[in-house]
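Here is the structure we will look at, set down as C-alpha cells.
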Amino acid sequence: MSERTQWNDYEWQLLHEGPQPPELHMALDAVITDEVGAGLRPPTLRIWEWSEPAVIIGRFQSLKNEVDPDGAKRYGVKVVRRVSGGGAMFVEPGNTITYSLSVPQALVQGMTFQQSYEFLDAWVIRALHDLGIKAWYQPLNDIASEIGKIGGAAQARRAGAVLHHVTMSYDIDAEKMVQVLRIGREKLSDKGTTSAKKRVDPLHSQTGLARDVIIERMLQTFRNLATLRPISLSQTTLDKAWSQAREKFSTPEWTAQVP
Amino acid sequence: MHGEYKVPGGKLVVIDLEVQDGALHDVRLSGDFFLEPPEALEVINAALSGLPADADDAHIAATVERALPDDAELFGFSPEAVAVTVRRALA
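Okay, here's the thing in C-alpha cells:
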C-alpha cells in the first residue's frame, strides 16, 4: 500500500479547449485518465465546452428508461454513454459548467469512495462560497445549495487513476430537460420533491455572474492548492481520443450497451 | 417485468426480467449507481438469471454477493437493494 500524495505534490495541467462534440468528450475522459494512470502526464483538470446539445447517460443506466427519444430528436440532442456511473444529464452549449479531474489513484489512497468525492470537490465548494453561494457536498454525489441541487459528480476507477467529473447547471432549460430525460417518481421518492424541475438550481440565477467569471474564480481557487499550467491538447492525445470517439463512444453498441 | 427501487440515501436500482418455467430469465440490472469494475454488471445479470422466481430476498442477495469478484465495489446500492428490486419486478 503506497502513501497518499497531496495536491501540491504535482504540477497540474489545465485543458480548456474550444467546443467539442459529446462523443469526443467521452473519449477524452478515458484517454486522459489512462495517460495519467500510465504516468504519461501529470494530473489534469479539464474544463468542457460543448459544440451541441447532449444527453450523457451513466455507465449503468438503461438507455430507454432514461431518454425520451422523441424529445431528444425534437431538440437535436445527441445521446452518449459515459464511462462513469451516476445519472443522466442534459447539457446545451454554455448552460453548464462541466469539468473533469484525472488524478493518480495515490491522491485518494486509503479513502472511501464517499471521502474521495468530497475531497476532490472541496475546492469547488470553496469557490462557490467565495461567489456568495452557500453550497455543500450532499452525499452521495451532489453539490447542493439552500435553494436546490447545483450539480452532480461521478467517478470511474481506471488502472492507477481516478476520473472524477462534475456537471453544474449554469442556466439550464428545465422545461426542455424534462422533455428529453425521463425522470421517474421512484428516483425522486427520497428527495422531498416531486418535480425534477426544482432539483437543479442554476448558478446564473444565484450569482448573476457570467459563466466565464465563475470558471475563472474556480481556477483561482484551484491555484491555491497547486500549480496549474494551461496547455493545449497534444495531437497524439487528440488522435487517440478521436479514434475512441469513432470506434466506441459514437456506436449504438456502446450507447445501448444497457438497453 | 420491471421493478425500481431508490435506495434511501443511495441511488436508483432498476431490474428488467422475464420468468420462464418458474425461473428468472434475461435479468437486466441498471440504474444510476456506481460499480467497480464495470464488468461486474454482467456478472450480476448472469448470476440472477436462472434463480427460482420464488427465491426470497436473502437468497437473491446472497447470490449477488457470491457472484461479485473480490475487488468489486458497490457505491449507492447493495446486494440487498438488488434483491428488493427483483422482488418488486416480480410483484
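Protein chains in written order, with my numbering: chain A, 84 to 342; chain B, 71 to 161. All C-beta atoms, glycine included, are put in the ideal place defined by N, C-alpha and C.
Contact check, residue i vs residue j, beta carbons under 8 Å
i	j	result
V119/A	A293/A	no
G168/A	R142/A	yes
Q144/A	G101/B	yes
E175/A	D256/A	yes
L144/B	T133/B	no
V154/B	L99/B	no
L311/A	L97/A	yes
V263/A	Y93/A	no
D117/A	R306/A	no
L87/B	A159/B	yes
A137/A	K161/A	yes
V261/A	T181/A	no
V156/B	I130/B	yes
N- and C-terminal bounds of the beta strand (DSSP E) containing residue i
i	result
V174/A	172-174
G375/A	Outside the shown range of chain A (84 to 342) lies residue 375/A, about which nothing can therefore be said.
V191/A	Neither: V191/A is in no beta strand (DSSP E) and is coded neither H nor E.
M251/A	244-252
L214/A	Counting along the chain, L214/A falls outside any beta strand (DSSP E), and DSSP gives it neither H nor E.
E330/A	Unbroken run through E330/A: none, as it is neither H nor E.
V97/B	93-101
V89/B	82-90
Option in the options with minimal Cα separation from residue i
i	options	result
G79/B	V174/A, E299/A, E269/A	E269/A
S183/A	Q238/A, L146/A, A227/A, D153/A	Q238/A
E132/A	E258/A, H108/A, R209/A	H108/A
S119/B	D126/B, E74/B, H95/B	H95/B
H247/A	V166/A, I230/A, V138/A, M301/A	V166/A
L138/B	G146/B, A125/B, V113/B	V113/B
Alpha helix (DSSP H) segment containing residue i, residue limits
i	result
E269/A	First-last for E269/A: undefined, no H or E at that position.
R87/A	Run containing R87/A: none; DSSP gives neither H nor E here.
L160/B	149-160
F305/A	294-306
D127/B	127-137
L286/A	286-290
Under 8 Å from the C-beta of residue i: neighbouring residues of chain D
i	result
D102/B	As a matter of chain content, chain D is missing from the structure shown, whose protein chains are A and B.
The region 219-226 of chain A in contact with the region 310-326 of chain A per 3-pair CB rule at 8 Å
no
Any beta strand (DSSP E) of 3 or more consecutive residues that is wholly inside the region 100-175 of chain A:
Complete beta strand (DSSP E) runs here, min 3: 127-130, 137-140, 161-164, 172-174.
Pair every Cβ in the region 286-302 of chain A with every Cβ in the region 184-200 of chain A, then say whether three or more of these pairs are closer than 8 Å.
no
Is the region 194-214 of chain A touching the region 146-158 of chain A, taking contact as three or more C-beta pairs under 8 Å?
no
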